[in-house]
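2 protein chains.
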Amino acid sequence: MTYCVGIKLDRGLVLAADTRTNAGIDNIASFKKLHVWEKTGERVITLLSSGNLAVTQAVVSLLSEHADNSSDERTTVMTAKTMFQVARLVGSAIREVKAIDGEALAANADNFYVSFILGGQIKGEEPRLFQVYAAGNFIEVADDTPFLQIGEHKYGKPILDRVTRKNMRLGEAAKMILLSFDSTLRSNLSVGMPIDMLLYNTDSFNTDRQIRIQQDNPYFQKLSHGWSEKLREGFADLEEFDV
Amino acid sequence: MTYCVGIKLDRGLVLAADTRTNAGIDNIASFKKLHVWEKTGERVITLLSSGNLAVTQAVVSLLSEHADNSSDERTTVMTAKTMFQVARLVGSAIREVKAIDGEALAANADNFYVSFILGGQIKGEEPRLFQVYAAGNFIEVADDTPFLQIGEHKYGKPILDRVTRKNMRLGEAAKMILLSFDSTLRSNLSVGMPIDMLLYNTDSFNTDRQIRIQQDNPYFQKLSHGWSEKLREGFADLEEFDV
Numbered sequence: 001m002t003y004c005v006g007i008k009l010d011r012g013l014v015l016a017a018d019t020r021t022n023a024g025i026d027n028i029a030s031f032k033k034l035h036v037w038e039k040t041g042e043r044v045i046t047l048l049s050s051g052n053l054a055v056t057q058a059v060v061s062l063l064s065e066h067a068d069n070s071s072d073e074r075t076t077v078m079t080a081k082t083m084f085q086v087a088r089l090v091g092s093a094i095r096e097v098k099a100i101d102g103e104a105l106a107a108n109a110d111n112f113y114v115s116f117i118l119g120g121q122i123k124g125e126e127p128r129l130f131q132v133y134a135a136g137n138f139i140e141v142a143d144d145t146p147f148l149q150i151g152e153h154k155y156g157k158p159i160l161d162r163v164t165r166k167n168m169r170l171g172e173a174a175k176m177i178l179l180s181f182d183s184t185l186r187s188n189l190s191v192g193m194p195i196d197m198l199l200y201n202t203d204s205f206n207t208d209r210q211i212r213i214q215q216d217n218p219y220f221q222k223l224s225h226g227w228s229e230k231l232r233e234g235f236a237d238l239e240e241f242d243v
Numbered sequence: 001m002t003y004c005v006g007i008k009l010d011r012g013l014v015l016a017a018d019t020r021t022n023a024g025i026d027n028i029a030s031f032k033k034l035h036v037w038e039k040t041g042e043r044v045i046t047l048l049s050s051g052n053l054a055v056t057q058a059v060v061s062l063l064s065e066h067a068d069n070s071s072d073e074r075t076t077v078m079t080a081k082t083m084f085q086v087a088r089l090v091g092s093a094i095r096e097v098k099a100i101d102g103e104a105l106a107a108n109a110d111n112f113y114v115s116f117i118l119g120g121q122i123k124g125e126e127p128r129l130f131q132v133y134a135a136g137n138f139i140e141v142a143d144d145t146p147f148l149q150i151g152e153h154k155y156g157k158p159i160l161d162r163v164t165r166k167n168m169r170l171g172e173a174a175k176m177i178l179l180s181f182d183s184t185l186r187s188n189l190s191v192g193m194p195i196d197m198l199l200y201n202t203d204s205f206n207t208d209r210q211i212r213i214q215q216d217n218p219y220f221q222k223l224s225h226g227w228s229e230k231l232r233e234g235f236a237d238l239e240e241f242d243v
């Protein structure tokens, strides 16, 4: 599995993805699942992927090939005028891969299971955040629930449900997302370090605040231990059940 | 879905189950999923059930019918000498129900999905805790991980993973389990109040500490709010991420 989170705040976006892929528990590898297309000063587009790695890589490669082939007339992630158009491009790429590989996968009893979180900003718009499904259709987040999760999302959802506020600072949201990852990593082997993360400040149009957090990252270690301690202390402070 | 937890501690057992059943989100009802057979001073046997309600009810009814029919020569939950024997009786009952209903369920594309947590004590033994699968086979908990969960278990697992200790008081464990339920209830509609809970003290051979916790239970309300506050305070105390 995988775990990816995207959150849209008043001040920008925070996106994070783990890097573990596995084909059975004895075949584990590390792959980047956070992909960025960027034109400094004009657009930053981020795609987080979950599901069949061959399919998600094919989708990303298609989008990149189209973008690189600038002589082409077609709209690409580098030329689209809005994030809505980019979401449609991602959907089309998924459908293209399905048209090529879908039948063979089905014949092999493999699932065409993929899911993407798409976040970014194109000059002239606010930052936007989408979830794109295997069918190529998509939703955009609204204010009521400003975060999206794909992959192994249940362990890390309670903290997002409790703590998320639209007016958080990006660093606060990043802390929350790392705690959500910490809970998931502790309870589920199919999600693994390192974690790729991007903090995107509205109207910055750059990816300066992108980082790969390794297992031994001092901040992550301290956060993880600190949180365990806070939970234990908080737990001890609450009145015991009696019947 | 359902959420049930059982934990085996040095001082006894704590078992809890929600009561929501649903056949689609527009067909929700409340059913007891914590079943007790008891002979005061000699045995307390508790079965928590998850899965197809018709199947789990049939399993419980079969076990009860056999137990009531005392003229019968066969071993029942009321006469078995060990909890291991009881676990085998539960397994046999599952297989009996499968033999009767399994084919018709399969023909109807319904799953024969059930799962049970069995906990209790019979005089002459320590308290024991088992998970019984749809195939009728089972596992018993060991010291390394003294809790079992069935149903919608992911949301509530992180707190159990972090807080569980074999030497907890039962009231402490009950508090932890209720927090585990609280996280699940907040994030998943298919798990619902009230919660049935039994705190079983080793060698008590009674079910005096059995309770149904309703939505408006003052302790549960206070615990839920208190925990949210502790989490928010703890979160705020931790250093913010910066990159």
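These protein sequence lines map, in sequence, to chains A and B. Each residue of the first sequence is one higher than the one before, starting from 1 at the first, in our numbering. Each residue of the second sequence is one higher than the one before, starting from 1 at the first, in our numbering. Even glycine gets a Cβ: it sits at the ideal position worked out from N, Cα and C.
Short of 7 Å from the beta carbon of Phe220/B, and not among the five residues preceding or following it, lie these beta carbons of its own chain, in chain order: Leu178 and Ile213.
Proximity of Asp161/A to chain B, defined by a Cβ-Cβ separation below 8 Å, is satisfied. A Cβ-Cβ contact shorter than 8 Å links Lys175/A with Glu240/B. Residues of the segment 164-194 of chain A with a C-beta less than 9 Å from any C-beta of chain B: Arg169, Leu170, Gly171, Glu172, Ala173, Ala174, Lys175, Met176, Ile177, Leu178, Leu179, Asp182, Ser183, Thr184, Arg186, Ser187 and Asn188, listed in chain order. Against chain A, a Cβ distance below 7 Å from Gly119/B picks out nothing, because the smallest value is about 17 Å. With a beta-carbon spacing of about 11 Å, Gly151/B and Thr56/B fall beyond the 8 Å limit used to define contacts.
Shown in chain order are the members of the segment 227-238 of chain A whose Cβ falls below 8 Å from a Cβ of chain B: Trp227, Ser228, Lys230, Leu231, Arg232, Glu233, Gly234, Phe235, Asp237 and Leu238. Gln149/B is classed as buried because its beta carbon has at least 16 other beta carbons within 10 Å across all chains shown. Around the beta-carbon of Arg232/B, fewer than 16 other beta-carbon atoms lie within 10 Å, marking it exposed. 8 Å or more divides the Cβ of Leu15/B from the Cβ of Lys166/B. At the C-beta level, Phe112/A and Val90/A stay beyond 8 Å of one another. Among the CB atoms of chain B, one or more fall inside 8 Å of the CB of Pro158/A. Within chain A, the residues whose beta carbon sits less than 7 Å from that of Ile211/B are Val243, listed in sequence order. With at least 16 other beta carbons inside 10 angstroms of its own, Asp196/B counts as buried.
For the pair Thr46/A and Leu199/A, the CB atoms are not nearer than the 8 Å cut-off. Residue burial is scored here from C-beta neighbours: Pro218/B has fewer than 16 other C-beta atoms within 10 angstroms and is therefore classed as exposed. Look at Gly234/A here: in three-state DSSP terms it is helix. Inside the segment 132-211 of chain B, DSSP marks whole alpha helix (DSSP H) runs of 4 or more residues at positions 157-163 and 170-187, from first to last along the chain.
Closest by C-alpha distance to Pro146/A, out of Pro127/A, Tyr133/A and Lys222/A, is Pro127/A. A contact is defined here as three or more CB-CB pairs under 8 Å, and the segment 50-67 of chain B meets this definition with respect to the segment 21-38 of chain B.
Neighbourhood of Lys32/B in chain A, by CB distance below 7 Å: empty, with the nearest CB roughly 17 Å away.
Boundaries of the alpha helix (DSSP H) harbouring Phe84/A: Met83 to Ala107, taken from the DSSP string.
Of the residues Ala29/B, Leu13/B and Gly12/B, the one whose Cα lies closest to the Cα of Arg20/B is Ala29/B. Neighbourhood of Tyr155/A in chain B, by CB distance below 8 Å: Lys154, Tyr155, Lys157 and Pro158, in chain order. In this structure, the beta-carbon distance from Arg11/B to Thr202/B falls below 8 Å. Put simply, the backbone Cα of Asn137/B is about 14 Å away from that of Leu129/B. Going by DSSP, Thr46/A is part of the beta strand (DSSP E) stretching over Arg43 to Gly51.
Look at Leu48/B: its C-beta is not under 8 Å from any C-beta on chain A.
Taking the C-beta atoms as reference points, Ser183/A is found nearer than 8 Å to Pro158/B. Rounded to the nearest whole angstrom, the C-alpha separation of Phe84/A and Asp26/A is 39 Å.
Leu199/B has a beta carbon lying within less than 8 Å of a beta carbon in chain A. The beta carbon of Tyr219/B sits closer than 8 Å to some beta carbon of chain A. Shown here, Ser71/A sits in coil according to DSSP, grouped into three states, outside any helix or strand. For Ile7/B, the enclosing beta strand (DSSP E) starts and ends at Tyr3 to Leu9. Boundaries of the beta strand (DSSP E) around Ile117/A: Val114 to Ile122. Excluding its 5 nearest sequence neighbours in each direction, Gly41/A has C-beta neighbours in its own chain below 7 Å: Phe205, listed in chain order.
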